[in-house]
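Numbering-wise (the numbering used here), the sequence shown opens with residue -4 and increments by one. A short worksheet on the structure shown next.
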Amino acid sequence: MRASYWRISGGWAGLLVLATLPWISGCGGRATGTVTGKVTYQNGPVKGGQVIFAGPNGQSVLAEIKEDGSYVAEKVPVGEAKIAVMTKSLGVTASMPKGAMPPGKQSGTMSPEEAKRRYVAIPANFETPETSGLTHTVVSGTQEKDIPLTGSLPPGGKGSGSGKGGSSGGPPKK
């Protein structure tokens, strides 16, 4: 009697393991990766803005660009992702009068002075995943993806943000 008890229990134990395997391996949610790297334009760091990873399932992940150009994008869906780099909103904030606060300013929002110091104008095509031409195949775990932006701004220095940028160029002009 005991032998048959263990056979049945062993069978149930095997089914239990098989039933919980998807949950254990993370199939209950989508597999993700963490992508780190540096964003540069004309051999200098892009000092602010966001990197966007648009995943194959329609999910997008935003990562803030730090002053040294580095970023960390967490929980990026595994698969081929289109990438965009956005600095336009930083350029808009940089163009505000000194001491002005953006409408609805929340704690942690960059001041116009800080935005002016960190804004780097980039070619407008990098602002959307569809036009940037940048991609990365995201795998599970941590990986590195530097994003060197190339190309030139249109005459007058107008890129994303409609004006001349960089630490010495100032905010966009309206």
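Glycine included, C-beta positions come from ideal geometry on N, C-alpha and C. None of these values were measured; they are calculated from a predicted model.
Would you kindly work out how many angstroms separate the C-alpha atoms of Gly128 and Lys77, rounded to a whole number? Those two C-alpha atoms are separated by around 8 Å.
Residue from Pro118, Leu85, Ile117 and Gly136 with nearest C-alpha to Glu59: Among Pro118, Leu85, Ile117 and Gly136, the Cα nearest to that of Glu59 belongs to Leu85.
Enumerate in chain order the residues of its own chain whose CB-to-CB distance from Gln101 is below 8 Å, with the five nearest sequence positions on each side excluded. Confidence is the limiting factor: at Gln101 the pLDDT is only 49, short of 50, which leaves the residue's position unreliable and the question unanswerable from this model.
Do Thr35 and Leu144 have their C-beta atoms closer together than 8 Å? Less than 8 Å separates the beta-carbon of Thr35 from that of Leu144.
Hey, could you find the ends of the alpha helix (DSSP H) Ala110 is sitting in? Here the alpha helix (DSSP H) through Ala110 covers Pro107 to Arg113.
Same chain, Cβ closer than 6 Å to Ser20, neighbours up to 5 away in sequence not counted: With a pLDDT of 43 at Ser20, under the threshold of 50, the predicted position of this residue should be treated as unreliable, though the coordinate-derived value follows. Contacts found: none.
N-terminal and C-terminal residue of the beta strand (DSSP E) that Ser90 is part of: From DSSP, Ser90 is part of no beta strand (DSSP E); its letter is neither H nor E.
Please state whether DSSP places Thr82 in a helix, a strand or coil. For Thr82, the secondary structure class from DSSP, reduced to helix, strand or coil, is coil.
Measuring only the C-alpha atoms, how far is Lys33 from Glu122? Straight-line Cα distance between these residues: approximately 16 Å.
Contacts around Thr130, its chain only, beta-carbon distance under 7 Å, and the 5 residues preceding and following it disregarded: Closer than 7 Å at the Cβ level, and outside the excluded window around Thr130, lie Glu75, Ala76, Lys77 and Ile78.
Thr126 versus Asn120: straight-line alpha-carbon distance, rounded: For Thr126 and Asn120, the gap between their C-alpha atoms comes out near 5 Å.
DSSP three-state label for Pro143, please. Strand, per DSSP.
Could you tell me which of Glu69, Gly43, Asn38 and Thr137 sits nearest to Gln54, measuring between CA atoms? Measuring from the Cα of Gln54, the nearest candidate turns out to be Glu69.
Buried versus exposed call for Pro118 [16 or more other C-beta atoms within 10 Å across all chains shown]: Pro118 should be labelled buried.
Alpha carbon to alpha carbon, how far is Val71 from Pro150? Cα to Cα, the separation comes out at about 36 Å.
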